[in-house]
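Enquirer: Just so you know, our numbering puts 108 at position 107 of the sequence shown, and the rest follows in order with no gaps.
Using N, Cα and C, we set each Cβ at its ideal position, and we do this for glycine too.
In this text, all values refer to a predicted model and were calculated from it rather than measured experimentally.
Structure provided below as structure tokens; questions to follow.
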Amino acid sequence: MAGRNNDWKERLGMVYSTNPDFSFETGKETEETELLPPNQQKLRLRIEKNGRGGKTATVISGFKGPDSELESLARTLKTHCGCGGSAKDGLIIIQGDMKEKLIDKLKSLGYAQTK
């Protein structure tokens, strides 16, 4: 049992297939996107309040690269601003209206095409 691949949780929706050549695909074999250098990244910042319980958040979009790098950049920005946030679905969400502070920090990190 120790060396067995336990991917049954990913197949919960699959009941049965009569096809002898059937191979279940989970869709998790997606390729990592290539990381562009900071000076080629076109990051866009916007302030959002809708759908967040009345709280303001700064959303950064346009990052091209693997999720690990996105999370690393989000961690750096959250530390710089001294607030919370998250990184998911290609977006970095920082709590509060931190647009000007984030633009300055991103430009100092080499993200020159930030608006």
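Quick check for students: name the residue ranges of the beta strand (DSSP E) that lie wholly in the stretch 29 to 56, counting only runs of 3 or more.
Expert: The stretch 29 to 56 contains these whole beta strand (DSSP E) runs: 45 to 49.
Enquirer: Which residues mark the beginning and the end of the alpha helix (DSSP H) in which Lys89 is found?
Expert: The residue you call residue 89 lines up with position 88 of the sequence shown. Premise fails: Lys89 lies in the beta strand (DSSP E), Gly86 to Lys89, not in any alpha helix (DSSP H).
Enquirer: By a C-beta neighbour count over all protein chains shown, 10 Å radius and 16 as the cutoff for buried, is Ala75 buried or exposed?
Expert: Counting from one through the sequence shown, the residue named residue 75 turns up at place 74. Classification of Ala75: buried, given that the 10 Å Cβ count is 16 or more.
Enquirer: Which stretch, first to last residue, makes up the alpha helix (DSSP H) that contains Ala75?
Expert: Counted from its first residue, the sequence shown places residue 75 at position 74. Per DSSP, Ala75 belongs to the alpha helix (DSSP H) from Asp68 to Cys82.
Enquirer: What does the alpha-carbon distance come out to for the pair Gly117 and Leu92?
Expert: Lying before the first or after the last residue shown, residue 117 is absent from the chain, which here runs from 2 to 116.
Enquirer: Quick one: what does DSSP say Leu107 is sitting in, helix, strand or coil?
Expert: As a first step, residue 107 must be located in the sequence shown, where it is residue number 106. Leu107: helix per DSSP, three-state reduction.
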